[in-house]
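Participant: The listed protein sequences derive, respectively, from chains D and A.
Residues 1 to 139 (my numbering) are what the first sequence spells out, left to right.
Residues 140 to 278 (my numbering) are what the second sequence spells out, left to right.
This is the structure I want to talk about, given as structure tokens.
There are 2 protein chains.
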Amino acid sequence: MQEHNPMRITTQRQIILEELLKVTSHPTANEVYDMVRKRLPRIGLGTVYRNLELMSETGMILKLEVGGTQKRFDATVTPHYHVRCMECGRVDDIKIPIQDDINELAAEACHYQILGHHIEFTGLCGDCGKSPQQKTSIN
Amino acid sequence: MQEHNPMRITTQRQIILEELLKVTSHPTANEVYDMVRKRLPRIGLGTVYRNLELMSETGMILKLEVGGTQKRFDATVTPHYHVRCMECGRVDDIKIPIQDDINELAAEACHYQILGHHIEFTGLCGDCGKSPQQKTSIN
DNA sequence: TACTAATTGGTAACATATCTCAAGATAAGT
DNA sequence: ACTTATCTTGAGATATGTTACCAATTAGTA
Chain D
1 MQEHNPMRIT TQRQIILEEL LKVTSHPTAN EVYDMVRKRL PRIGLGTVYR NLELMSETGM
61 ILKLEVGGTQ KRFDATVTPH YHVRCMECGR VDDIKIPIQD DINELAAEAC HYQILGHHIE
121 FTGLCGDCGK SPQQKTSIN
Chain A
140 MQEHNPMRIT TQRQIILEEL LKVTSHPTAN EVYDMVRKRL PRIGLGTVYR NLELMSETGM
200 ILKLEVGGTQ KRFDATVTPH YHVRCMECGR VDDIKIPIQD DINELAAEAC HYQILGHHIE
260 FTGLCGDCGK SPQQKTSIN
């Protein structure tokens, strides 16, 4: 009889993880698909979604549900914050100390059992900030 | 000649705003659609999307792009943070002081022009926290 | 090597959000 | 109140992002 639910090491999974580790950006499933397809042209989009989801469930990678409609994925699993460009949607890491204390503040301010938090900064990235197009920026 | 671009006051817009003001949750466009449809059964989903988007552009309401794939809308426009239930997806306000200082920290830590930030706490809401189903909770 | 269950690729289905456009409604002037 | 110009609506079509389905393939084990 076989062991229950051991995640098999497939070429697809390996390459998806490898490609994700290569970049510091936070690609969407589609972007990962494009990256992986250069090495595995026949891979299916479903496979990419399936595995990104799986790997995020097991904690191998991080699924970011930040602003914007698409999910993004991150191979850096240690807690950290993000900044998102309002113009192009790009997401980068922000290395500032984790604000542990605010969890307690929050717990006192609501009826939730607080398990964690995430901070997302918004702004303009290096490229988009150069040409200062007047945009109504709320928050 | 007519004034340029004055947002007209239509029944649909009024009711959408009224319904949004009634709730403290942060409904998705679809949820707003359901709420509004009770009073305006013939309203189209497109109209709801269109107007929520419009109203958020003019600053009348707030468009939250928090975790989860759907956009959510909030009639409270003063800056505040949110908590999201990992179980049911519900989103509530958290009334803790705005952490203004971290914007400067962030600005120093990256090459973005920082314009703002949002903190989203994750946890279990009153209802979901009661029946402690063992869930793998990352972050 | 052969077996068994997990995994894949391709496609269809689904969910969410936006676009199109004729018909209807609003605001301003008469 | 009537007219007109323009904005807005509703309904469906379309686009985008994600998941489900299933026969064929593959990894891990004996």
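For each residue, glycine too, the CB sits at the ideal point set by N, CA and C.
Bear in mind the structure is a predicted one, so any value in this text is a computation, not a measurement.
#1: Restricting to Cα atoms, I'd like to know which of A:190, A:175, A:171 and A:167 is closest to residue 146 (chain A).
#2: Just list the beta strand (DSSP E) runs in the segment 162–215 of chain A, keeping only unbroken ones of 3 residues or longer that don't cross its boundaries, in chain order.
#3: What residues in the segment 187–213 of chain A have a beta carbon less than 9 Å from any beta carbon of chain D?
#4: Quick one, which residues of the segment 245–264 of chain A are near chain D if we go by CB-CB under 9 Å, in chain order?
#5: Is the beta carbon of residue 86 (chain D) closer than 8 Å to that of residue 124 (chain D)?
#6: Can you tell me whether residue 159 (chain A) is buried or exposed? The criterion is at least 16 other CB atoms within 10 Å of its CB, across all chains shown.
#7: Below 8 Å, how does it come out for the segment 229–249 of chain A and the segment 87–106 of chain D: are there three or more Cβ pairs, yes or no?
#8: Output the distance between the C-alpha atoms of residue 161 (chain A) and residue 35 (chain D), rounded to the nearest integer angstrom.
#9: Looking only at its chain, what residues have a beta carbon closer than 6 Å to the beta carbon of residue 155 (chain A), apart from the 5 residues adjacent to it on each side?
#10: With a 10 Å radius around its C-beta and 16 neighbouring C-beta atoms as the bar for buried, classify residue 181 (chain A) as buried or exposed.
#11: Residue 89 (chain D) versus chain A: which residues are under 7 Å apart at the beta carbon?
#12: For residue 198 (chain A), which residues of its own chain have a beta-carbon under 7 Å away from its beta-carbon, when the five flanking residues on both sides are left out?
Facilitator: Taking the structure as given:
#1: The residue among A:190, A:175, A:171 and A:167 with its C-alpha nearest the C-alpha of residue 146 (chain A) is A:190.
#2: Those beta strand (DSSP E) runs which fall completely within the segment 162–215 of chain A and span 3+ residues are 201–203 and 211–213.
#3: Within the segment 187–213 of chain A, the qualifying residues are 195, 196, 197, 198, 201, 202, 203, 204, 205, 206, 207, 208, 209 and 210.
#4: Per Cβ criterion, the list reads 245, 246, 247, 248, 249, 250, 251, 252, 253, 254, 255, 256, 257, 258, 259, 260, 261, 262, 263 and 264.
#5: Between residue 124 (chain D) and residue 86 (chain D), the gap from beta carbon to beta carbon is short of 8 Å.
#6: Residue 159 (chain A) should be labelled buried.
#7: Three or more Cβ pairs drawn from the segment 229–249 of chain A and the segment 87–106 of chain D lie within less than 8 Å of each other, which places the two stretches in contact.
#8: The alpha-carbon atoms of residue 161 (chain A) and residue 35 (chain D) are separated by roughly 46 Å.
#9: Same-chain partners within the cutoff: 175 and 190.
#10: Residue 181 (chain A) should be labelled exposed.
#11: From the beta-carbon of residue 89 (chain D), no residue of chain A is found nearer than 7 Å; the closest lies around 11 Å away.
#12: Excluding positions up to five away in sequence, the list reads 216.
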